[in-house]
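Chemist: Protein chains in written order, with the working numbering: chain A, 1 to 579; chain B, 1 to 622.
Cβ coordinates follow ideal geometry from the N, Cα and C atoms, glycine included.
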Amino acid sequence: MTKLLKYFKPYIWPLVFLTILTFGQTMANLALPDYMANIVNQGIVGGDSGVIYHFGLIMLLITFAGGLATIGVGYLASKIGTGFSRKIRDALFTKIESFSLVEFNKFSTASLITRSTNDIQQIQRVLIMLLRLALMAPFMGIIAIAKAYSLAPSMSWIMAVSITALVVIIAVIFKIAMPKFKKLQKLVDKLNLVTREMLTGLRVIRSFNKEKYEENKFKEANQELTSVNLFVNRLMVILQPAMMLILNLTVITIVWLGAGQIDAGTLQIGNMLAFMQYAMQAIFAFLMISIIFIMIPRASVSATRIAEVLESETTIKDPKHPIKPKNLGGRIEFKDVAFSYTGSEEPVLQHLSFVAMPGQTTAIVGSTGSGKSTVVNLIPRFYDVTAGQILVDGVDVRAMSQKELRSRIGYISQKAILFSGTIRENIKYGMPNADDKDVMQAAEIAQALEFIEELEEKFESHIAQAGANISGGQKQRLAIARALAKNPEIFIFDDSFSALDFKTDAALRKALQTRIKGKTVLIVAQRISTIMHAEKIVVLDAGKIVGKGTHSELLRNCTVYREIASSQLSEQELANARA
Amino acid sequence: MEKNNQKSNKSTTSPGASGGFGRKRGHGGMGGLKGPVEKPKNFKATMAALIKYLKPFRISIIIVLVFAVISTGFTIIGPKILGNVTNNIVAGYLNHMIDYGAILKLIELLIGLYLLSALFSYIQGWIMSGVSQKVTFNLRRDISLKINRLPLSYFDNRTHGEVLSRVTNDVDTVSQTLNQSLIQIVTAITSIIGILIMMLTISWQMTLVAIIILPISLGLINLVVGKSQKYFSKQQVSLGKINGHIEEMFSGHTIMKAFNGEKKSIATFHAINNELYDGAWKSHFFSGLLMPIMTFIGNLGYVAVAVLGGWLAINGKIKIGDIQAFIQYMNQFTQPITQTANIANVLQSTAAAAERVFEFLAEKNEITETAFPVLLPNIKGAVEFDNVVFGYSPDKTIIHGFTTSVKPGQRVAIVGPTGAGKTTIVNLLMRFYDVNSGAIKIDGIDIRDMKRADLRALFSMVLQDTWLFTGTIEDNIAYGKSKASHEEVVAASKAAHSDHFIRALPGSYNMKLNEETDNISQGEKQLLTIARAMLANAPMLILDEATSSVDTRTELLIQKAMEKLMKGRTSFVIAHRLSTIKNSDLILVMRDGNIVEQGNHKQLLSQNGFYTSLYNSQFAKI
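Laid out in structure tokens, this is it:
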């Protein structure tokens, strides 16, 4: 948690102020029993009603002051707590946006999401609580004990006993409960898992007539969860009565011992009443301190997770003096490229050399795991090569600024990803100043115009998060339109056609012809039919190039390619192609 | 079926708060966050339904309520007796003779009362935990049973997350209320009444002061809660927005980078973050006001009692011990008031959660089975569609009078573009949905005259959505045939060309598939489902050929295994391969949900219709 402390810097003065206010608030609350004692001792026992009104008025003023201080504390605590988390949130998000895929793989996307959402919320919650209570509780505890001690030193051991009893009970209960809480979380997850499986597998379960089996599985998980829950609940219900009992027994003991001292004349009645109040407040303060000690470990786990992200630096950075390629065109050259993920033994790609020329379609095929997608991920520098180099228009991609490099590339990923917003905003994403005509044209080529026109609000129709409200094929078409609208020199289709049915696929590729004329086109594909007409096909197997050439050349001299082709095309089509 | 494939939103339903310290709602009085309260549609009916669930436990609940009242009562008498002790001391002090005997007696009584009160309170909590856990268990069980009784149409129209959140969040809310709020209501009301009575026995003037404070505090609480709810919802909206943006940007990271979207993304984030900050600090501030306000009011009361009590004491109307007791009562007064103010909200949100659960439980089940199911001796596998009319919603028919007949052992290919409704045929054959009119017959028997279980046992299904569960590979293969021997499992895997890769896995047949079942590849999963179908050995087959994201070698294995599986079985294949399509006895061509053409490859080509254009487009030039 200490690693995040520097983000408190702008809040030093508010924190100082908060401390002062907390002190004031505590003093005010603790002053009341003193005056009460005075009212009893001088007013009631002494029979002087003037004293009562006098101290009464003072008490009223103190109450107001205390109330104001408490509101001030609440105000500052909320401002500091939420302001602090706003800063961290900003810092974290900005940091993550600078990450390359290397860091994304290291942390995993899901984990980065939880870190920037749940973990920050968790810290904010605990922080505000701490700001409100963590300062107050020790103040209150110490002052209350001090005041009680000064009133009746011989009785202060009672407080020591009750506070010890309280802390011990809480510690023991949480010691037993903690591991159960963790187990509980696991069992909840398990029940969720079983339920989720029941839901996702509905058709399979019913077709195999396994409803009973699944019900039993659920019942087992349910029973386990219920029994642990029951144990924890029955443990936790000890707390309330136990604490009440401690408080009450403390009061009784004070009165019993107080009686003797009053009798002996060493204690005034009012002071005994005040002592009682202070003892209560001291016990309450220690109760709060115990709660704080229970909460801090949870927040510190979150803080560590956040600090981890903030401390990692992205491995892919812009060069100090970026070079801008002189000529546009989009020629891509791989020069003996190798790539391996950090920590893995086997390289993903080795000795990769090929050139993709403007005006040509270069296809990359191979089985899953052969490294096809990795090849195209290296061009926009989602990863950096481990050895060799990639040149775009004669310049090493690492020597260019990332912005410059990526502005030349239209990338269409395997899984179409859209952002929430209108269809128009999505298409214009890479080219904010594209006009309506560009957008329309891009949509038309991408075969998206037809379905967009059918929507009620056409281009202004809203796309839900992750494009959840349109079909996979429609998403992919919009993703293609987005790349087209950018009008780049290089197009990278990373298996982007498989979500489309054959007919749309064909129509789209036909329409694309005009638009991608003169551009460099890289296609990664599963379907041979998609790429069999490419000018150049690069065949990958286990990270190495095992063949380069056209469809018919490769059918003749590349075994791997022939295997892939024969699994997809009929004999006749193979024969046709060969001829 | 396609829309169903997406994973349910797991992250949102993990009820982190329910397992931990969040359970302390309503105790410490720290004035926690209170969101806007969800209101049930029909409070009374829902409560009645909930009470029905509680009925078997009525004796326990009555005991709990009685114990709660007794325990609270004992605590409330305490201060009064303690006040008498003080009075005794004061009197003794003034007379210089303290009656220790009398004091000791009172103190013994007090200790007894407090011990009993603690004991009763614990027993009551212990019993109530049992009741609430059992009710929760029953609710969850009923939901799980219900899932298997509902027609598929229910699930096809909803996300899994929706159903899931009833099992977790909604049931948890109900459980928590039962566990705490129920007792809280009783103790709070008992406390308020009890304390008022005790106060009255001390001094009606001082009680009047306390009662005047009551509406002031209630009013202030309402004001603060109202304000904080407003900002709380504002905060929740921004929080939803910012979480959405984070999720979107992180999962679309490559695209964001590829299109140079960093600046825009960060700017958007910054704006939402500021908005969130604004709502968050106000919401925290206002909800945090509750505690200082209650303390302030408590202190006000304290001062009032001290002054008024002092004046009364001087005039001999009351004694010092009475003031002390009264102060203790004042201290105990605020908590039940805050609780009561909150109870209405708690009950409402509980009712809203319970209502969703009960609504789910009240959904219409699958159409009941026929009373006299036809027994099925050896089924040959002739399938007949007799003028079938069907639509997913009654007002929109998509299949208009479809008739065809399939002979035993024939292969039927279902083709069409994505989204043409190819799975509809599967849904009808398996009776996941029932036809609107007409009939589907197997060996001449209407499938609605069979028991669903019997009908479904006739088919083996291999779907593109390779559903496997967390468990060993062996358990997964044996899923369709309980008590299958290891040898049978191995034989089926061998037939499905899976034995080889299974043996190469760590733990081979005993390897556990993990939660996301992503520790084996998509292709391997597909092979396992084929092995599963092999082992089930049903006379008929439903097959989805789609093998996207499978490498070519595995695809070859899958293809071989499927061929083997189809041999001798009447098969319905959602076909993606030309070879399968060409070799089929019957091809059903689907478009926009309807079957637009049928016949074999040659016949269909000669029609020069939709099938022909589909076929030609597949190998069009780029």
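(1) Only counting the same chain, and skipping five residues up and downstream in sequence, which positions put a Cβ closer than 8 Å to that of Asn87 of chain B?
(2) Who does Phe572 of chain B pair with in a DSSP beta bridge?
(3) Going by the DSSP bridge assignment, what does Arg462 of chain A pair with across the sheet?
(4) Could one say the Cβ of Gly201 of chain A lies closer than 8 Å to chain B's Cβ atoms, at least one of them?
(5) To be precise: take each residue of the region 125-148 of chain A, compare its Cβ to all Cβ atoms of chain B, and keep it if any distance is under 7 Å. Which residues remain?
(6) Can you pull the chain A neighbours of Pro292 of chain B, defined as C-beta to C-beta under 7 Å?
(7) Nearest by alpha-carbon distance to Val365 of chain A: which of A:Met159, A:Arg381, A:Thr374 and A:Arg556 is it?
(8) Does the beta-carbon of Gln42 of chain A have 16 or more other beta-carbons within 10 angstroms, so that it is buried, or is it exposed?
(9) Would DSSP call Phe339 of chain A helix, strand or coil?
(10) For the region 370-396 of chain A, which residues have a CB atom closer than 9 Å to at least one CB atom of chain B, in sequence order?
(11) Report the option in B:Gln410, B:Ile367 and B:Ala362 whose CA atom is closest to the CA atom of Ala382 of chain B.
(12) Within 8 Å, do at least three Cβ pairs link the region 112-132 of chain A to the region 257-264 of chain A?
(13) Measure the alpha-carbon distance for Ile62 of chain B versus Val135 of chain B and round it to whole angstroms.
(14) Within the continuous alpha helix (DSSP H) that includes Lys186 of chain A, where are the two ends?
(15) For chain A, is any of its Cβ atoms less than 8 Å away from the one on Lys257 of chain B?
(16) So Phe104 of chain A contacts chain B; which residues on that side make the cut at Cβ distance below 9 Å?
(17) Looking at Phe432 of chain B and Lys146 of chain B, is the spacing between their C-beta atoms short of 8 Å?
(18) Against Phe269 of chain B, what residues of chain A qualify as contacts under a CB-to-CB distance less than 7 Å, listed in chain order?
(19) Looking at C-beta atoms only, is the number of pairs between the region 63-70 of chain B and the region 101-111 of chain B that lie closer than 8 Å three or more?
(20) If contact means a Cβ-Cβ distance below 7 Å, which residues of the region 446-457 of chain B contact chain A?
(21) Give the range of the alpha helix (DSSP H) segment to which Glu474 of chain B is assigned.
(22) Checking the sheet assignment: what are the DSSP bridge partners for Leu391 of chain A?
(23) Hey, would you say Ile327 of chain B sits closer than 8 Å to Leu220 of chain B, going by beta carbons?
(24) To which residues does DSSP link Asn38 of chain A through a beta bridge?
(25) Report the residue ranges of all alpha helix (DSSP H) runs contained in full by the region 41-104 of chain A; include only those spanning at least 4 residues, in chain order.
(26) Go ahead and label Asp544 of chain B buried or exposed: buried means 16 or more other beta carbons lie within 10 angstroms of its beta carbon, across all protein chains shown.
(27) Which residues mark the beginning and the end of the alpha helix (DSSP H) in which Arg448 of chain B is found?
(28) Take Phe413 of chain A and list the residues in its own chain whose beta-carbon comes closer than 6 Å to its own, dropping the five residues that flank it on each side.
(29) Please list the partners that Ile427 of chain A has in chain B, where partner means a Cβ-to-Cβ separation under 7 Å.
(30) For the region 195-219 of chain A, list every residue whose C-beta sits within 8 Å of some C-beta in chain B, in sequence order.
(31) Cα-Cα, which of A:Lys372, A:Ile427 and A:Leu133 is closest to Phe293 of chain A?
(32) For a cutoff of 8 Å on Cβ pairs, would you count Lys548 of chain A as touching chain B?
(33) If the criterion is Cβ atoms closer than 8 Å, does the pair Ala496 of chain B and Ile530 of chain B meet it?
(34) Does the beta carbon of Tyr7 of chain A sit closer than 8 Å to a beta carbon anywhere in chain B?
(35) Use the C-beta contact count for Met280 of chain A: other C-beta atoms within 10 angstroms, 16 or more gives buried, fewer gives exposed.
(36) Beta carbons nearer than 7 Å to chain B: which residues of the region 394-415 of chain A have them?
Modeler: On the basis of the data shown:
(1) Scanning its chain for C-beta atoms nearer than 8 Å, with the 5 sequence neighbours on each side dropped, one finds around Asn87 of chain B the residues Lys319, Ile320, Gly321 and Asp322, in chain order.
(2) B:Val412 and B:Ile542.
(3) Reading the sequence as shown, one finds His at residue 462 of chain A and not Arg. DSSP lists A:Thr422 as partners of His462 of chain A.
(4) A Cβ of chain B is located within less than 8 Å of the beta carbon of Gly201 of chain A.
(5) Of all residues in the region 125-148 of chain A, Ile128 and Arg132 have a Cβ within less than 7 Å of some Cβ in chain B.
(6) What Pro292 of chain B touches in chain A: Gly67, Thr70, Ile71 and Gly74.
(7) The shortest Cα separation from Val365 of chain A among A:Met159, A:Arg381, A:Thr374 and A:Arg556 belongs to A:Thr374.
(8) By the neighbour-count criterion, in which 16 or more other beta carbons inside 10 Å mark a residue as buried, Gln42 of chain A falls on the buried side.
(9) Strand.
(10) The region 370-396 of chain A vs chain B, Cβ under 9 Å: Ser370, Asn377, Pro380, Arg381 and Phe382.
(11) Nearest C-alpha to Ala382 of chain B: B:Gln410.
(12) Under the 8 Å Cβ criterion, the region 257-264 of chain A does not count as touching the region 112-132 of chain A, having fewer than three qualifying pairs.
(13) One C-alpha to the other measures close to 16 Å.
(14) Its alpha helix (DSSP H) spans residues Ser156 to Thr200.
(15) For Lys257 of chain B, the answer is yes, since a Cβ of chain A falls inside 8 Å of its Cβ.
(16) Chain B residues near Phe104 of chain A: Phe250, His253 and Thr254.
(17) The Cβ atoms of Lys146 of chain B and Phe432 of chain B do not sit closer than 8 Å to each other.
(18) Result: Phe93.
(19) Contact between the region 63-70 of chain B and the region 101-111 of chain B is absent, because fewer than three Cβ pairs lie under 8 Å.
(20) Flagged, chain order: Ala453, Arg456 and Ala457.
(21) Boundaries of the alpha helix (DSSP H) harbouring Glu474 of chain B: Ile473 to Ile477, taken from the DSSP string.
(22) Residue pairing from DSSP places Leu391 of chain A in a beta bridge opposite A:Glu333 and A:Asp396.
(23) Not in contact: Ile327 of chain B and Leu220 of chain B (Cβ atoms no closer than 8 Å).
(24) DSSP, once it has assigned bridges, lists no residue as partnering Asn38 of chain A.
(25) Runs found: 49-98.
(26) Sixteen is the threshold: when 16 or more other Cβ atoms of the shown chains lie within 10 Å of the Cβ of Asp544 of chain B, as they do, the residue is buried.
(27) Counting along the chain, Arg448 of chain B falls outside any alpha helix (DSSP H), and DSSP gives it neither H nor E.
(28) Residue identity check: residue 413 of chain A is Ser in the sequence provided, not Phe. These residues qualify, in order along the chain: Asp494.
(29) Those do not exist, as Ile427 of chain A stays about 11 Å from chain B at its closest Cβ, beyond 7 Å.
(30) For the region 195-219 of chain A, which is checked against every Cβ of chain B, the residues closer than 8 Å are Thr195, Arg196, Glu197, Met198, Leu199, Thr200, Gly201, Leu202, Arg203, Val204, Ile205, Arg206, Ser207, Phe208, Asn209, Lys210, Glu211, Tyr213, Glu214, Glu215, Phe218 and Lys219.
(31) The closest CA to that of Phe293 of chain A, considering only A:Lys372, A:Ile427 and A:Leu133, is found on A:Leu133.
(32) Under the Cβ criterion of 8 Å, Lys548 of chain A is not counted among the residues facing chain B.
(33) Yes. Within cutoff.
(34) At a cut-off of 8 Å, the C-beta of Tyr7 of chain A has no neighbouring C-beta in chain B.
(35) A buried status is given to Met280 of chain A, since no fewer than 16 other beta-carbon atoms sit within 10 Å of its beta-carbon.
(36) Those would be Lys403, Arg406, Ser407, Ile409, Tyr411 and Ser413, in chain order.
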